[in-house]
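Undergrad: Every letter in the sequence shown is one number past the one before it in the UniProt record's numbering, and letter 25, counting from 1, is 25.
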Amino acid sequence: MARKKSIWRQEVNPKMAYMLIGTAVLAVFFEVLILTLAVERAYAIAVDHMVRTPVPHYSEQELFR
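1. Could you check the C-alpha separation between Q10 and K4 for me, to the nearest Å?
2. Going by DSSP in three states, E11 sits in which element: helix, strand or coil?
3. Expressed to the nearest angstrom, what Euclidean distance is found between the alpha-carbon atoms of R52 and T36?
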């Protein structure tokens, strides 16, 4: 009975390999794009919130009572 070839030992079609690599690169690119947009939006919301919310100012006497 012949041993089954390991999947890692089989020859790979170069076109398929390039397609897989290209798909992985595109997936990483879009993931970084989505995360960048999400962080930018979160930052904009935080800045907008900070601008709209008045910051209370305390004198030194009030702080160190």
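Beta carbons: idealized from backbone N, C-alpha and C, even for Gly.
TA: Short version:
1. Linking Q10 to K4 through their CA atoms gives a straight-line distance of about 11 Å.
2. coil
3. Distance between the alpha carbons of R52 and T36: 24 Å.
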